[in-house]
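Take a look at the structure set out below.
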Amino acid sequence: FIPGDPIPTEQFEQAIRSSRRTIIYITKQYLQSQWTLTSFRTTFESALTRSRLIVILAEDVEKFDELRTSLRSKTLLERDDPFLWQKLLYAMPHRSAALMRKHRREQSERTRKQTELLREKNRAREAKRLADVVL
21 FIPGDPIPTE
31 QFEQAIRSSR
41 RTIIYITKQY
51 LQSQWTLTSF
61 RTTFESALTR
71 SRLIVILAED
81 VEKFDELRTS
91 LRSKTLLERD
101 DPFLWQKLLY
111 AMPHRSAALM
121 RKHRREQSER
131 TRKQTELLRE
141 KNRAREAKRL
151 ADVVL
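Everything in the sequence shown is counted per my numbering, starting at 21 for the first residue and increasing by one.
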């Protein structure tokens, strides 16, 4: 979405429904608009139940105090936090251990096949070279 452009509520809700994580960056200017505040509140409820919500506060936002109580169980970050990026990275989806093991096995199998193919090519090349030397 482009900041400042009106966002249809349905489009906003659809984006949240299809997301594993929803990151909302809130500024004072954003909350000064009654439409954005209303839109935020309606879609906020969807985000609370459908995806993991991550809220980043650009600055100390007084109007946001009423929503802070709803966000206690959600990830709430502040822009001025020196560890913002580490916390944001931690809040994003992680690969499961089983998926990582599967990926490693598949990678090992690909590497093994590539190695075997290279060995076979080297054997064929060596056999041809020896045949040329004998003749």
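From the three backbone atoms N, C-alpha and C, an ideal C-beta is built for every residue, glycine too. Nothing here was measured: the structure is a model prediction, and the numbers come from that model.
Close CB contacts of A118 within its chain, under the 7 Å cut and outside five residues either way in sequence, are absent. When DSSP states are grouped into helix, strand and coil, T131 belongs to the helix group. DSSP, reduced to helix, strand and coil, places E79 outside both helices and strands of the structure shown, so it counts as coil. Bridge partners of T95 according to DSSP: I74.
For R40, the three-state secondary structure derived from DSSP is coil. Taking C-alpha positions only, V153 is separated from E140 by approximately 20 Å. Distances from the CA of R37 to each of T47, K48, Y45, R72 were compared; the closest alpha carbon is that of R72. Around the Cβ of T42, a 10 Å sphere holds 16 or more other Cβ atoms; the residue is buried. Rounded to the nearest whole angstrom, the C-alpha separation of E30 and S39 is 14 Å.
Going by C-alpha positions, I76 is about 6 Å away from R99.
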